[in-house]
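Written below as structure tokens is the structure these notes are about.
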Amino acid sequence: MPFRSVIKYRVIFRVLSFLLIFESLFLSTGIFVAWYFDEAMMPFIYSVAVTLGLGIISWYIFGRTTKKGIGKREGYLIVGLSWILMSLFGALPYLFSGAIPSFTDAFFETISGFTTTGASILSDIEILPKSILYWRAMTHWIGGMGIIVLTVAILPFLGIGGMQLLVAEMPGITPDRLHPRITATAKRLWGIYVIFTIAEVLLLWAGEMNLFDSICHAFATMATGGFSTKNDSIAGFSAYSQYIIIIFMLLAGINFTLHYLALHRRFTKIWANEEFKAYISVIVVISLIITIGLIFFMNEGIEKAFRDALFTVVSIITTTGFVSTDYIIWPGYLWMLIFALMFLGGSAGSTGGGIKIVRHLLLIKNSWLELKRALHPNAIIPVKFNGKAISQNIIFNVLAFFIIYVLIFAMGTIALSVMGYDFETSIGATIASLGNIGPGIGGVGPVENYGFFAAGAKWLLSFLMLLGRLELFTILIILSPAFWKQ
0 MPFRSVIKYR VIFRVLSFLL IFESLFLSTG IFVAWYFDEA MMPFIYSVAV TLGLGIISWY
60 IFGRTTKKGI GKREGYLIVG LSWILMSLFG ALPYLFSGAI PSFTDAFFET ISGFTTTGAS
120 ILSDIEILPK SILYWRAMTH WIGGMGIIVL TVAILPFLGI GGMQLLVAEM PGITPDRLHP
180 RITATAKRLW GIYVIFTIAE VLLLWAGEMN LFDSICHAFA TMATGGFSTK NDSIAGFSAY
240 SQYIIIIFML LAGINFTLHY LALHRRFTKI WANEEFKAYI SVIVVISLII TIGLIFFMNE
300 GIEKAFRDAL FTVVSIITTT GFVSTDYIIW PGYLWMLIFA LMFLGGSAGS TGGGIKIVRH
360 LLLIKNSWLE LKRALHPNAI IPVKFNGKAI SQNIIFNVLA FFIIYVLIFA MGTIALSVMG
420 YDFETSIGAT IASLGNIGPG IGGVGPVENY GFFAAGAKWL LSFLMLLGRL ELFTILIILS
480 PAFWKQ
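Here the sequence shown is numbered in numbering that gives the first Met the number 0, starting from 0 and rising by one per residue.
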């Protein structure tokens, strides 16, 4: 069968053209920020003109679509291409302003923003125009709940369904649904997201942060991104601001369906959620261990030790990547705990990246049951999660995810080592990119940046960010030969 009959290109390009128009609206807000701070507006005017112009032309060309809508192939392609396309055009303000003149660096910074990784090539952030810093934070906020989840709320306007898109965007395990209609679900998620963002802006503004810094840090916090407007990240702000950010990082790392349940006061169901209990338990236990270590081995005061420990643990487990202290100078066993958290990740259905806690829980449960099955070969013992039996297909999916994740992590580390980077830096950069964390260990530690990497390494790390954000399978499916067959 001809290639064009397998994939409906008009549907794909129509959605992508809409995304460009959509992105241009967010880019246009940079014009007003530049005007307010008396900065050059032309970089954003040019960016809007190019993005909006190509979006409208593409929309006009591919405006007609079939009533069949989006199939699986179209859904996965739209998701993968959306992140790349948004990053390509999102890099324009950096290029037009000269803030980041290299295309490789500009793309790296942008895809790091949209994937909510927060890895930066910039060594002096504070010299940048505020409009550029604003756009940098905005890429986080747009990417936080997923470009596609955002778009699902508007897809009915396009005349095509959106269920396949959300499946492609969040292929992880999310057994709880907010609403049977995916559009209504997306609107509810975004409503919660916006409310939390506004609340954090106001609370940070009530402290020593000005309104601009409050907005940028709220964008980055709720997206679990990590871009700051300061070279010292959060370290230079007061204890009050740090505690506010801790609270909202915690909230951003929780499954957003639980926030919806909280609004309806269904607290019993929230506490019965196994992933939520594991999430809180890990944070409490690791934070206490590190607090004790900092008190006895670093001679820190109790409050400072507790704050540094809690902030760092929450920042890493939620994959936000904000920094309040240099954890690399801690005793080895303490920063190794932080490194271990990089393989954990936030909750499924949150804005966090990483492997996700639910997958770890299912892996542990399945491993324990395998021991029981070895003792009782004839027993039928299903894996249960939140009181419900989990199908073997889901268990196999989780096992496959772990295997692929470890393989990609190993290959990324080896590739960077072959390029000439030391082993510790290679490990740190790979897990920090694949897990969408930002800071790692070695040369990409909490007070370092990614600017020293060669172009090839930056493109590799950009690819790892994309893989991690789309939960591996979305991109790997597109790259598989079977995807392109009838």
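Glycine is no exception: its CB is placed at the ideal position from the N, C-alpha and C atoms. Since we're looking at a predicted model, the values are computed, not measured.
Proximity below 9 Å, CB of residue i to CB of residue j
i: I253; j: G345; result: yes
i: M144; j: T28; result: no
i: T109; j: G89; result: yes
i: L26; j: S46; result: yes
i: F61; j: S16; result: yes
i: I336; j: H359; result: The question names Ile, but residue 336 is Leu in the sequence shown. Cβ atoms of L336 and H359: not closer than 9 Å.
i: I246; j: I233; result: no
i: S130; j: P92; result: yes
i: P217; j: Y449; result: Just to set this straight, residue 217 is Ala in the shown sequence, not Pro. Not a contact, by the Cβ cut-off of 9 Å.
i: S240; j: G190; result: no
i: S432; j: L463; result: yes
i: S57; j: F12; result: yes
i: G192; j: T350; result: The sequence as given places Tyr at residue 192; Gly does not occur at that position. Cβ atoms of Y192 and T350: closer than 9 Å.
i: L460; j: G427; result: no
i: T196; j: W140; result: yes
i: T393; j: N230; result: A quick correction: the sequence has Ile, not Thr, at residue 393. Not a contact, by the Cβ cut-off of 9 Å.
i: L188; j: Y259; result: yes
i: F43; j: F102; result: no
i: F321; j: F310; result: yes
i: F226; j: R135; result: yes
i: G142; j: G224; result: yes
i: F451; j: I430; result: no
i: F395; j: Y75; result: no
DSSP bridge partner residues for residue i (one or two, in chain order)
i: K532; result: Missing from the structure shown is residue 532; the chain here goes from 0 to 485 and no further.
Length of the line joining the Cα atoms of residue i and residue j
i: S111; j: F422; result: 22 Å
i: L406; j: M248; result: 29 Å
i: L469; j: L84; result: 15 Å
i: T116; j: A378; result: 44 Å
i: G348; j: T256; result: 7 Å
i: A456; j: I436; result: 17 Å
i: P128; j: W329; result: 34 Å
i: I6; j: W34; result: 44 Å
i: A222; j: E38; result: 27 Å
i: K186; j: F295; result: 48 Å
i: N298; j: T324; result: 15 Å
i: L333; j: Y242; result: 21 Å
i: V397; j: A251; result: 23 Å
i: R9; j: K484; result: 19 Å
i: G441; j: S425; result: 8 Å
i: P106; j: L87; result: One point to set straight first is that residue 106 is Phe, not Pro, in the sequence displayed. Taking the straight line from one Cα to the other gives about 6 Å.
i: V281; j: N272; result: 15 Å
i: V151; j: G331; result: A caution first: V151 carries a pLDDT of 47, below 50, which makes its placement in the model unreliable, though a value can still be read off. Using only the alpha carbons, I get a separation of about 45 Å.
i: E73; j: F472; result: 15 Å
i: L121; j: F266; result: 43 Å
i: F31; j: L53; result: 22 Å
i: D175; j: K383; result: Because D175 sits at a pLDDT of 47, beneath the cut-off of 50, its placement in the model cannot be relied upon, and the following sentence gives the value as read from the coordinates. About 15 Å.
i: K364; j: T184; result: 30 Å
i: P381; j: A388; result: 6 Å
i: S416; j: I403; result: 20 Å
i: I269; j: G467; result: 27 Å
i: Q163; j: A238; result: Because the pLDDT of Q163 is 36, which lies under 50, any placement of that residue in the model is unreliable, and the number read from its coordinates should be weighed accordingly. Whole-angstrom Cα-Cα distance: 44 Å.
i: M41; j: F113; result: 23 Å
i: G434; j: V313; result: 15 Å
Contact set for residue i: own chain, Cβ-Cβ below 7 Å, skip 5 residues either direction
i: A308; result: S286, I289, T290 and L293
i: K355; result: G171, G344, G345, S346 and A347
i: T220; result: E199, I244, F247, M248, A251 and T319
i: A399; result: none
i: R372; result: A378 and I380
i: I55; result: I20
Close beta carbons around residue i, own chain, < 8 Å, minus the five adjacent residues each side
i: M208; result: H216, F236 and S240
i: Y278; result: G252, I253, I316, G345, S346 and I356
i: P401; result: One point to set straight first is that residue 401 is Phe, not Pro, in the sequence displayed. Excluding positions up to five away in sequence, the list reads I354, R358 and L362.
Closer than 9 Å to chain D by CB, residue i
i: G450; result: As a matter of chain content, chain D is missing from the structure shown, which is built from one protein chain.
Beta-carbon contacts of residue i that lie in its chain and below 6 Å, excluding the five residues immediately before and after
i: I213; result: Note that residue 213 is Ser in the sequence shown, not Ile. Only V200, L203 and W204 meet the Cβ criterion.
i: G444; result: I327
i: E302; result: none
i: A304; result: T290, L293 and I294
i: I77; result: I11 and V14
i: A454; result: T103
Complete runs of the alpha helix (DSSP H) confined to the segment 314-368 [at least 4 residues]: As far as the segment 314-368 is concerned, its whole alpha helix (DSSP H) runs of at least 4 residues are 331-340.
Could you tell me which uninterrupted alpha helix (DSSP H) segments, each at least 4 residues in length, are contained entirely in the segment 77-118, listed from first to last along the chain? You should have 91-96 and 102-113.
Would you mind listing the alpha helix (DSSP H) stretches within the segment 419-443 that are 4+ residues and don't spill past its ends, in chain order? Fully enclosed alpha helix (DSSP H) runs of 4 or longer: 422-433.
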